[in-house]
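**Q** To get our numbering, take the position in the sequence shown, counting from 1, and add 363.
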Amino acid sequence: PPVAAAPTHAAPAAYDDMEPPSAELSERERLVQAMEKCGWVQAKAARILNLTPRQIGYALKKYGIEIQHL
364 PPVAAAPTHA
374 APAAYDDMEP
384 PSAELSERER
394 LVQAMEKCGW
404 VQAKAARILN
414 LTPRQIGYAL
424 KKYGIEIQHL
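1) Taking 7 Å as the limit between beta carbons, can you name the residues of its chain near L433, skipping five residues before and five after?
2) Given a cut-off of 8 Å, decide if G420 and Q405 are closer than it, judged by their beta-carbon atoms.
3) Using a Cβ-Cβ cut-off of 8 Å, state whether I430 counts as contacting chain D.
4) Alpha carbon to alpha carbon, how far is R417 from R410?
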């Protein structure tokens with residue numbers, strides 16, 4: 364029998380039109396793409412990547428990505 368996918372947490376309604384970046388991209392590319400989609404707001408990027416804002420901050424530092432102030 365087919366295996367059902369595990370349930371995922373639904374994003375808040377305001378973020379329904381934002382899809383997470385493709386799994387084919389590297390972690391760094393996914394992070395940059397999510398940050399760009401969210402106007403460089405870490406909390407929003409964290410929601411679409413299913414991470415905490417702290418994890419986003421750590422990843423930005425890890426990859427040497429500077430926050431773009433728009």
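No residue lacks a Cβ here, since even glycine has one placed at the ideal position from N, Cα and C.
Being a predicted model, the structure only gives us computed values, none of them experimental.
**A** Here's the rundown:
1) As a first step, residue 433 is located in the sequence shown; it is residue number 70 there, counting from the start. So the qualifying residues of the chain are G402 and W403.
2) Locating residue 405 in the sequence shown gives position 42, counting from the first residue. Locating residue 420 in the sequence shown gives position 57, counting from the first residue. A contact, by the Cβ cut-off of 8 Å.
3) Here chain D cannot be found, since the structure has a single protein chain.
4) Residue numbering aside, residue 417 sits at position 54 when the sequence shown is read from its first letter. Residue numbering aside, residue 410 sits at position 47 when the sequence shown is read from its first letter. So the alpha carbons of these two residues sit roughly 12 Å apart.
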